[in-house]
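Encoded as structure tokens, the structure appears first; notes follow it.
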Amino acid sequence: MPNGSLEKWYSHTSALNIVQRLNIMIDVALALEHLLHHGHQTPEIHCDLKPENVLLDEDMVAHVGDFGIAKLLGEEESMKQTITMATIGYMAPEYGTSRIVSTEGDVYSFGILLMETLTRKKQTDETFTDELSLTDLVKELFDSLTNVIDAAILQEGEVHLSAKTSCISSVLELALDCSAESPKRRRKMVDVVANSKRSKPGI
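Its first residue numbered 1, the sequence shown is counted upward by one per residue in full-length UniProt numbering.
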């Protein structure tokens, strides 16, 4: 893809603006909604959603790539026990404990990706440990978001700071819901798409 992967833009000298970041996340959410709910008679679980697998075309439209370890659920299945090479940091906790992949696992990965895109901090950074994850940091600093979101967003002049923080607050709340420890507490991708789109008009 002409603009490489989302991973490249985490460290790029020219940071993505807030609208670009939200558009990319909406593109990814739409792709997952299609895979998990609408694209097949049976859901297709990506199993390895991470910044390296989000590819950006010449118009900065995001495409989800690398389906090498994707899993199809049978018609009567809501989850499957299997072995997959999912990336640590992005795979859901239930896979680490019981090898279960489900549609909720991709929702978890999306929540992590959403947090990373707005904070420009990676879940896999050495600064994060078993005692403090990116999710923990976002929860801890949720009431003072200027201390956790990417400073480049705050420095953009086109949008008033209060409008940006209000938008980011609602998007990060969505990210935390998606990355909840319990699969049952995670949002459905249909809701994620709707909520992501609703956040944009504020900026």
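Cβ atoms here follow ideal geometry from the backbone N, Cα and C, with glycine treated the same way.
Per the Cβ contact rule, the region 3-23 is in contact with the region 118-136 (3 or more Cβ pairs under 8 Å). Taking the Cα positions, V54 is about 22 Å away from S133.
Annotation for V192: no beta strand (DSSP E) segment contains it, though the alpha helix (DSSP H) segment containing it runs M189 to S199.
Excluding the 5 residues flanking it on each side, K164 has same chain C-beta neighbours closer than 8 Å at I18, I153, L154, E156 and I203, in chain order. The beta carbon of S196 lies closer than 8 Å to those of L22, M25, I26, A29, V171 and L174 in the same chain, with the five residues before and after it left out. With a beta-carbon spacing of about 6 Å, I45 and T103 fall inside the 8 Å limit used to define contacts. When C-beta atoms of the region 178-186 are compared with those of the region 91-107, three or more pairs fall below 8 Å, so the two segments count as touching. For L154, there is no enclosing beta strand (DSSP E); the enclosing alpha helix (DSSP H) has its first and last residue at A151 to L154. Comparing alpha carbon positions, the residue from R187, V138, A151 and K184 closest to S169 is V138. When rounded, the separation of the alpha-carbon atoms in L114 and P51 is 10 Å.
Straight through space, the alpha carbons of E7 and R186 are spaced by roughly 25 Å. DSSP places L30 in the uninterrupted alpha helix (DSSP H) bounded by I18 to E33. Judged by DSSP in its simplified three-state form, E131 adopts coil rather than helix or strand. In summary, L16 is buried, with 16 or more beta-carbon neighbours lying within 10 Å of its beta-carbon over all protein chains present. For P183, the closest alpha carbon among the candidates H34, E131, G111 and D48 is that of G111. In this structure, M189 keeps its C-beta atom at 8 Å or more from the C-beta atom of H63.
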